[in-house]
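Quick notes on the structure that follows.
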DNA sequence: GCCGTTTTCGGCCCGACTGTTTTCAGTCG
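Numbering (my numbering), first residue to last: 1 to 585.
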């Protein structure tokens, strides 16, 4: 039996197939493989599991996966390979995908480099470029050789995609400075940042200005900018000091909506929308929606969509995964709004591994307009965090009672809920007695060890915890940490079904490097009617600011306000929690 | 290779820029 392929691995193989056909000038196949790769990468469940459960027929339910690619995945999971993949590898450079990630190198140029200079790896390429061998090739010159070397250096520095929360403050600062620049009217970040994708590769800003040149000059002088890589009449690409690239598009204010729509993407969403325009005898580009030479709409995104017969589609939904169909049928979800989470149900304090006292966390939450927090310190088997036992939990409860009384006296409308982040042990038992849990207002359970259990064991372990009548929610259900730890192996469909039948909520942990559940899981949870909670997992007062990153994930997963339990006010939440969990609606 | 209020064949988004061209291919978003 070959080892199991993850969705990311399958997606990479499909991308390689796309590159292979692209290199050889095959028409349409590259786009088809690319599309399948994107769809598989964004999937909420394991493709190999889908195959096991429903065969290739189940795989063909995925948009962009047809009989051929479904067969390839089947062959991959049974034999670890497939014929076309083998054959492609034999006629491509070893590190084709990495070579193509170098700016200005695409499949065709990589093929030339491979055919003429036997370049297999980035190292090979760097050596060849340094010795001037690249510039003698057809289609290459001195300049492209320099660009390649620069691109390799940039790639080494830029590293992986950045976490949204690390980048959003920077984009807000750039917007602010641009809007203060001479002649600039508006500056808005588009691209994956605007769609609130969990990670970001580069930045796109749409700017409206009367004098593009002046705006670009101002931008070039910003502290954040290291150097200008390219500059046209109304567009500019810069390398920022943090190693990311940033694209600026400057348009007249009257086409702002069309430009924003175009640069917000996603690419796949735009493909569908433009196809729709084409079918109606119209043309959509970054300057507007056109019938021949007549411009029908351009000023706002709303107008552009409306002129196409569509309602406004929120940026978070623009992924070409059914939002257009839903829009046409007037069935777009009424998405949960930013700022609508009323309280944070996972907060750690200095009773365990948090930085601050319960009171400080409460006051920080009040300052941010929250109405309640649940104090959810770790429990006893999490030794490294100094987890609480039943006795300490009782002691903490007394302190919380005292603080609540104090807050009432002050006239503050704020409630501290007694809670815990209970440790789920290897066998699915909890490390705190039911009697102690019964005294708490809100119990989250989480896995912090034995990450490598088999899928069956890990799934059973979590379901056992969910069957406990006191466990209100499962915290960070998949355990992944972006760039650091893969999710543990669980059967998400089974978990969702168990969550539904036991009445256990699943958490969207908004702590940016967790972002767990992720968007695709949320969408499945909503489909199954599973309740969600959005928490920050705050270990410091500043972390409470992360709530809206959780809302972003919920929105990307099509969640409505009523899907998220802690959009209730404190009183409503408490009466909801008072109902036995299997009867909660 | 995929897909279908043009559904089993014939289509498949659009524009700009760059460098190496002498009219355009390749790359990118």
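Yeah, the Cβ is synthetic: ideal placement off N, Cα and C, and Gly gets one too. The structure presented is a predicted model; accordingly, all values stated were derived computationally and were not measured.
It is roughly 36 Å from the alpha-carbon of residue 289 to the alpha-carbon of residue 226. Annotation for residue 304: the continuous alpha helix (DSSP H) segment containing it runs 301-307. Contact between the stretch 328-343 and the stretch 383-390 is absent: fewer than three C-beta pairs spanning the two stretches fall below 8 Å. In the displayed model, residue 444 falls within a strand according to three-state DSSP. Closest in C-alpha terms to residue 493, from the list 522, 486 and 9, comes 522. For the pair residue 327 and residue 298, the CB atoms are not nearer than the 8 Å cut-off. For the stretch 313-360, the continuous alpha helix (DSSP H) assignments of 4+ residues that do not extend past its boundaries occur at 323-328, in sequence order.
Nearest to residue 232 by alpha-carbon distance, out of 213, 532, 67 and 280, is 213. In the three-state reduction of the DSSP assignment, residue 247 falls in the strand class, which pools E and B.
Nearest Cα to residue 426 within the set 453, 282 and 585: 453. Between the stretch 146-162 and the stretch 179-189 there are fewer than three C-beta pairs closer than 8 Å, too few to call the two in contact. DSSP places residue 490 outside both helix and strand once states are collapsed to three, so it counts as coil. In chain order, 498 place their CB closer than 6 Å to the CB of residue 463, counting only its own chain and leaving out the 5 sequence neighbours on each side. DSSP places residue 288 outside any alpha helix (DSSP H); the residue lies instead in the beta strand (DSSP E), whose first and last residues are 288-291.
Note: residue 421 is bridge-paired with 378 and 444 in the DSSP secondary-structure output. The DSSP-derived three-state label of residue 255 is helix. In the DSSP annotation of this structure, residue 272 is not part of any beta strand (DSSP E); the continuous alpha helix (DSSP H) holding it starts and ends at 267-279. Beyond the five residues adjoining it in sequence on each side, residue 550 comes within less than 6 Å, by CB distance, of 508, 510 and 534 in the same chain, given in chain order. In its chain, beyond the 5 residues on either side, 7, 10, 40, 59 and 73 have a beta carbon closer than 7 Å to the beta carbon of residue 47. Residue 458 and residue 465 have their C-alpha atoms roughly 11 Å apart. In this structure residue 516 is buried. Its beta-carbon is surrounded by 16 or more other beta-carbon atoms within 10 angstroms.
By the Cβ neighbour-count rule, residue 456 is exposed, with fewer than 16 other Cβ atoms within 10 Å of its own.
Closest in alpha carbon position to residue 120, among 132, 90 and 139, is 90. Inclusion of residue 352 and residue 377 in the CB contact set at 8 Å is warranted, their separation being smaller than that value. When C-beta atoms of the stretch 428-448 are compared with those of the stretch 125-143, fewer than three pairs fall below 8 Å, so the two segments do not count as touching. Collapsing the DSSP output to three states places residue 283 in a strand. In the three-state scheme derived from DSSP, where H, G and I count as helix and E and B as strand, residue 124 is classed as helix. Partner residues in the beta bridge of residue 208, as assigned by DSSP, are 186 and 251. Assignment of residue 310 by DSSP, reduced to helix, strand and coil, places it in the coil class.
Under the three-state reduction of DSSP output, residue 179 falls in the helix class. In the structure shown, the three-state DSSP call for residue 485 is strand.
A check of alpha carbon separations from residue 24 across 224, 217, 486 and 114 identifies 114 as the nearest. Taken atom to atom, the span from the alpha-carbon of residue 436 to that of residue 395 is near 12 Å.
When secondary structure is reduced to three states using DSSP, residue 566 falls in the helix class. Taking all protein chains in view, the Cβ of residue 566 is crowded by 16 or more other Cβ atoms within 10 Å, so the residue is classified as buried. Per DSSP, the unbroken alpha helix (DSSP H) holding residue 465 starts and ends at 455-467.
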